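Note sheet for the following structure.
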Amino acid sequence: MNSTEDRRAESRMEEDGLRGRSRDRPDDSMAEVRIEEITDERTALAHETLELIAASFAPQDRHPLSELRSEIAEKRLGLLAGYDFHLYAAVREREKPLAAVAGMYLAGVNAGFTAYLAVHPDAQGQGIAREVRSVLVDAFRENARQAGFPELAWVLGEVRLDSPWLRNLMSTRGAIPFDLTYCHPGMPLGGASAPYALYREPIGDTRREIPAHELRQVLYAVWRRGYRVRYPLERDTFVDMLEQLEGRDMVGPHPGVE
Numbered sequence: 025m026n027s028t029e030d031r032r033a034e035s036r037m038e039e040d041g042l043r044g045r046s047r048d049r050p051d052d053s054m055a056e057v058r059i060e061e062i063t064d065e066r067t068a069l070a071h072e073t074l075e076l077i078a079a080s081f082a083p084q085d086r087h088p089l090s091e092l093r094s095e096i097a098e099k100r101l102g103l104l105a106g107y108d109f110h111l112y113a114a115v116r117e118r119e120k121p122l123a124a125v126a127g128m129y130l131a132g133v134n135a136g137f138t139a140y141l142a143v144h145p146d147a148q149g150q151g152i153a154r155e156v157r158s159v160l161v162d163a164f165r166e167n168a169r170q171a172g173f174p175e176l177a178w179v180l181g182e183v184r185l186d187s188p189w190l191r192n193l194m195s196t197r198g199a200i201p202f203d204l205t206y207c208h209p210g211m212p213l214g215g216a217s218a219p220y221a222l223y224r225e226p227i228g229d230t231r232r233e234i235p236a237h238e239l240r241q242v243l244y245a246v247w248r249r250g251y252r253v254r255y256p257l258e259r260d261t262f263v264d265m266l267e268q269l270e271g272r273d274m275v276g277p278h279p280g281v282e
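For the sequence shown, my numbering gives the first residue as 25, with consecutive numbering after it.
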C-alpha cells in the first residue's frame, strides 16, 4: 500500500476498489471465482477478508476490525432489526480473498450504503470488483423487499468530488452527488486534502432533487447506523453538514460535478 498522504486520502472510498473499473475486463478466470457472504466472524475466511480491508484502508479511514467482527457476530446471532450488514469475499480454491465488499442496508431511508470495496493488487483488472459489488447491491434489494418496500431506493457511496470514478458512475448509472460538502466521521472539519461527496445511485427512486429534511435523515442514517457514531450531533463535521442544509427546501445535484 502506498504510504503517501494523497494515497491514504484516496483509499477510504469505494473508488479504490473500482479505480480500475474502466480497465476491468472479465476473463475466463472469473469462472473459478466464487463469492461468499461472511456470516461467522470466527472463521479463517472472515479473518483473511478483514485483513484485506485493513491493508486497503488507512486506520483513520475505516472501522476498527473489532467493530467489523461485531457487525458479523450481531448478524450471526440474529440481533439486527431495521438494519442489515453484509460482507462478501471473492475467493478461488485454496487462495486468500481476492476482493471484499462490505455495506449496510439502512431501512430507515431504504438505501444501501457501500462502506468498503477492496481488491488485492494481484486481482485487479479481472472484473472481480464489479462482480462482488453487484452481489452486494442484489442483497440490498432483497433487504428492501423484506422490509416491505417494492424496491430499494438508492445505493449510497462516498468518493472524492474530483474523482473520475464519480463522473463515470454519473454517466453510466445516473449517480447523483448531493449538493453538500460531505465529511465522513474520520475527517476533521476543513482538513481534507480534497472535498468529498456523498452520492446516490438511483435504483427505485430517480428523483433529481430531494427535500432537505430527507437528506438530513440520510446523513444521520449513514453516520449513526453505517458508522455507528453514537452521538453524531457532538461532532463538528456532522453539525456543519446540517448547517449547510439550513434554509434549503430541496437539494439537487452538486454543481461542482458535471
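Glycine is no exception: its CB is placed at the ideal position from the N, C-alpha and C atoms. Predicted model, so just to flag it, every value in this text is computed and none were measured.
Under 8 Å: do the region 128-143 and the region 74-93 share three or more Cβ pairs, one atom per stretch?
Using a C-beta cut-off of 8 Å, the region 128-143 makes contact with the region 74-93, since at least three inter-stretch Cβ pairs fall below that distance.
Could you tell me whether the Cβ atoms of residue 129 and residue 173 are closer together than 8 Å?
No. Outside cutoff.
Measuring straight from C-alpha to C-alpha, what distance separates residue 184 and residue 158?
Cα to Cα, residue 184 sits roughly 21 Å from residue 158.
Assess contact between the region 252-263 and the region 192-204, defined as three or more Cβ pairs (one per stretch) separated by less than 8 Å. Is contact present?
By the criterion of at least three beta-carbon pairs nearer than 8 Å, the region 252-263 is not in contact with the region 192-204.
Could you give the C-beta distance for residue 155 and residue 115, rounded to a whole number, given that I count them as a contact under 8 Å?
Here residue 155 is actually not in contact with residue 115; their C-beta atoms are around 12 Å apart, not less than 8 Å.
Going by beta-carbon coordinates alone, are residue 167 and residue 229 separated by less than 8 Å?
No, the Cβ-Cβ distance between residue 167 and residue 229 is not below 8 Å.
Just to confirm before moving on: does the CB-CB distance between residue 160 and residue 125 stay below 8 Å?
Contact: yes.
Extent of the continuous beta strand (DSSP E) to which residue 226 belongs:
In the DSSP annotation of this structure, the continuous segment of the beta strand (DSSP E) that includes residue 226 starts and ends at 220-226.
Which whole-angstrom value is the C-beta distance of residue 221 and residue 272, which I expect to be below 8 Å?
About 17 Å separates the two Cβ atoms, so there is no contact after all.
Just grab the DSSP bridge partners of residue 138 for me.
In DSSP, residue 138 forms a bridge with 127.
Span separating the alpha-carbon of residue 104 from that of residue 182
When rounded, the distance between both Cα atoms is 24 Å.
On the three-state DSSP scale, how would you describe residue 46?
Annotation note: pLDDT 35 at residue 46 (below 50); position unreliable, coordinate value reported separately. Of the three classes helix, strand and coil, the one that applies to residue 46 here is helix, per DSSP.
Please identify the residue among 106, 101, 56 and 85 whose C-alpha is closest to the C-alpha of residue 65.
Considering only alpha carbons, the answer is 101.
Considering Cα atoms alone, identify which of 133, 267, 83 and 58 is closest to residue 119.
Here the closest residue by C-alpha is 58.
From which residue to which residue does the beta strand (DSSP E) around residue 179 run?
Residue 179 -> beta strand (DSSP E) spans 178-184.
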